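Anchor point for the sequence shown: position 39 equals 64 in our numbering, and the numbering is continuous, going up by one each time.
Backbone N, C-alpha and C fix where the C-beta goes; we use that ideal spot for every residue, glycine too.
All of these numbers come straight from a predicted model, not from anything done at the bench.
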Amino acid sequence: MRYDDFRRSDDIEDRRDDSGGGMGGGGGLGLPMGGGGLGIGTIIVLGLVGYAFGIDPRILIGGAEILTGGGSQAPTYQTDRRTTPAKTGAPTDQMGNMIAGILGEIDDRWTEIFQASGQTYTGPKIVLFRNSTNGGSCGMAQSAMGPFYCPPEKRIFLDTGFFREVETRFRGCSGNACKFTAAYIIAHEAGHHVQNLLGILPRVTRLQQQSGSKTESNALQVKVELQADCLSGVWVNREEKKRPGFLEAGDIDAALTTASAIGDDTLQRQATGRVVPDSFTHGSAAQRKQWFMTGYQQGTVQACNTFGAGAL
């Protein structure tokens, strides 16, 4: 991926110099202790969901009201004890500079899409961190979760080490193709932001709360995640039209390889040796690839109706 001429966004909060993000010297997973502690079963679930990346995973374990900013079901977390103020603006290091460029282009393309339908787009902010950090309304952000979007904060939380994990653990990319894989991941999270602005996320949350069925709730969550994959493809389509040649050989294949590696069926098979479709929360490898390509090939929001005609 060529990104030298990307517009750099200043909507970045860089907490990477904040070791542990206020967990009192915690490293590794940095899991909260005490009343808000998570059991080992939940840790395993969060690990699987987190590596699939999406909306804050805790929404799937009883904290659904986080999505709309109501209620108090989310676990309580220690307050952030950062001593160094976070840096704001476009970072100057290579990784941070690339992320700022990707966010700048995502914001510009979605601004154009919203304006075409008479709407106003305000982009998300990205919080960069290492190990863990305070996620505000979404509790403690931890590297084990993978990247996620926090709806009430309108922020994407991203431990940049995840991109190295994609390359080494998932073998999702190598060399320059990893840059586009990073763009695909960030565009997916921005897709959740688009869903939030359009009112899709709150409506899905209400449907999940009304269903009373974990299977139905999971099925709705899968549609949310597949739509975000599709919306990331829409951005790639629009970006390619705006900047012909920004994609390089192997970029799309790298994104599809990553999408396949983080499909629910792939992750479940690796973790337990079996696949339980009713427990899917992000979609199968084939579904994730299919919906990204739908967005990429058609380039319209209307093509991304994973819920079916009139469902929402």
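Straight-line CA distance for GLY171 to THR136?
27 Å
Report all residues from its chain with a CB closer than 6 Å to the CB of GLY126; omit the five preceding and five following residues, and keep chain order.
TYR28, PHE31 and ARG33
Specify the secondary structure class of MET165 as computed by DSSP and reduced to three states.
Correct three-state label for MET165: strand.
Between the CA atoms of GLU273 and MET26 - distance to the nearest angstrom:
When rounded, the distance between both Cα atoms is 5 Å.
Inter-residue spacing [alpha-carbon to alpha-carbon] between GLY160 and ALA328:
32 Å
For PHE187 and ALA311, what's the separation of their Cα atoms in angstroms?
Spanning the two alpha carbons is a distance of roughly 22 Å.
Rounded separation between ASN330 and GLN252 - CA only:
Each residue's Cα considered, the two are about 7 Å apart.
Where do the N-terminal and C-terminal ends of the alpha helix (DSSP H) with ASP133 fall, by residue?
119–141
Looking at the unbroken beta strand (DSSP E) that takes in ASN159, where does it start and where does it end?
From DSSP, the beta strand (DSSP E) with ASN159 extends over 157–159.
Reduced DSSP secondary structure (H/G/I, E/B, other) of LYS112:
It is a strand residue.
Presumed contact (8 Å Cβ cut-off) between PHE154 and ARG40, rounded CB distance:
4 Å
Rounded straight-line distance, which links the Cα of PHE182 to that of VAL247:
20 Å
Beta-carbon contacts of GLY258 that lie in its chain and below 6 Å, excluding the five residues immediately before and after:
PHE317, GLY320 and TYR321
Based on DSSP bridge pairs, tell me the residues matched to ASP39.
LYS112 and LEU153
Nearest neighbour of THR113, chosen from THR145, THR147 and ILE151 [CA to CA]:
ILE151
Could you give the distance in angstroms between the alpha-carbon of ASP118 and the alpha-carbon of PHE271?
21 Å
Within the continuous beta strand (DSSP E) that includes PHE271, where are the two ends?
That residue, PHE271, is in no beta strand (DSSP E); it is neither H nor E in DSSP.
On the DSSP letters alone, give me the boundaries of the alpha helix (DSSP H) that TYR321 sits inside.
310–323
Exposed or buried, which one is GLY164 when buried takes at least 16 other CB atoms within 10 Å?
When all chains shown are included, GLY164 counts as buried.
Do you know offhand how far ALA279's Cα is from GLN315's?
Our two residues, ALA279 and GLN315, have alpha carbons roughly 14 Å apart in a direct line.
Spatial neighbours of SER236 within its chain, please: C-beta separation below 7 Å, excluding the five flanking residues on both sides.
SER242
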